[in-house]
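**Q** Just so we're aligned, residue 1 is where the sequence shown starts under the UniProt record's numbering, counting upward by one. Idealized CB from N, CA, C, for every residue including glycine.
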Amino acid sequence: MFSTSTKGAEASAAVFSLIETAKSNKLNPYDYIEFILDYLPQQDLVEDPKKLDWFLPWSEEIKEEFEIKAD
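See the structure below:
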């Protein structure tokens, strides 16, 4: 509705999904996205694609990084 292109709508949906998933996992969405935008580009995900799992909002490592305890 607010996007002027299909690709823009898809990008918005991806970002909104990431924000809501972060909230569902009790992460501060702003801090979480800032963190992954800072650190994710430095990772060699082609060589080790399983590293991506570490950055997912439900990852225990991410919760520890943000000092959030799982319920």
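(1) If you follow the alpha helix (DSSP H) that S17 is part of, which residue opens it and which one closes it?
(2) With C-beta atoms as the reference, is L27 less than 8 Å away from F55?
(3) Helix, strand or coil, according to DSSP, for P41 in the structure here?
(4) Using three-state DSSP, classify L52 as helix, strand or coil.
(5) Quick one: using the 10 Å Cβ neighbour count with 16 as the cut-off for buried, is Y32 buried or exposed?
**A** Per the coordinate set shown:
(1) T6 to S24
(2) No, they are not a contact pair.
(3) helix
(4) Secondary structure at L52: helix, using DSSP grouped into helix, strand and coil.
(5) buried
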